[in-house]
Structures are given as structure tokens and as C-alpha cells.
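All residue numbers for the sequence shown refer to my numbering, where the first residue is 22 and numbers rise by one. We put the beta carbon where it would ideally sit given N, CA and C, even for glycine. Working notes, beginning with the structure itself.
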Amino acid sequence: MNWEFDEIINREGTDSVKYDLRQEIFGRNDIIPMWVADMDFKTPDF
22 MNWEFDEIIN REGTDSVKYD LRQEIFGRND IIPMWVADMD FKTPDF
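Below, the structure written as C-alpha cells:
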């Protein structure tokens, strides 16, 4: 299996609070949300 840990996954529009509520929480959308134990890896195809 090939792991791509450097691949950027766009989580906007997936009901992810840290991405979809940036404007409401921080007052702007141009920030990178970094939460505790952040791991936005792509899940395997089943």
C-alpha cells in the first residue's frame, strides 16, 4: 500500500467544524485551523 502523507485533503463542505465554521469561530476564512492531534489523512478506499 502506498501512503501519501503529504497530500492535502480539502475538507471544506464535509461538515467538519474546524473547516466549515472558520468564519463563525475566528471571523475569517484565510486561516489554517490547527487543533489538538490534527490528522487529516485520506481514508482508504473500501
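Judged by DSSP in its simplified three-state form, residue 29 adopts coil rather than helix or strand. A Cβ-Cβ contact shorter than 8 Å links residue 41 with residue 33. Per the coordinates, the alpha-carbon of residue 36 lies some 17 Å from the alpha-carbon of residue 49.
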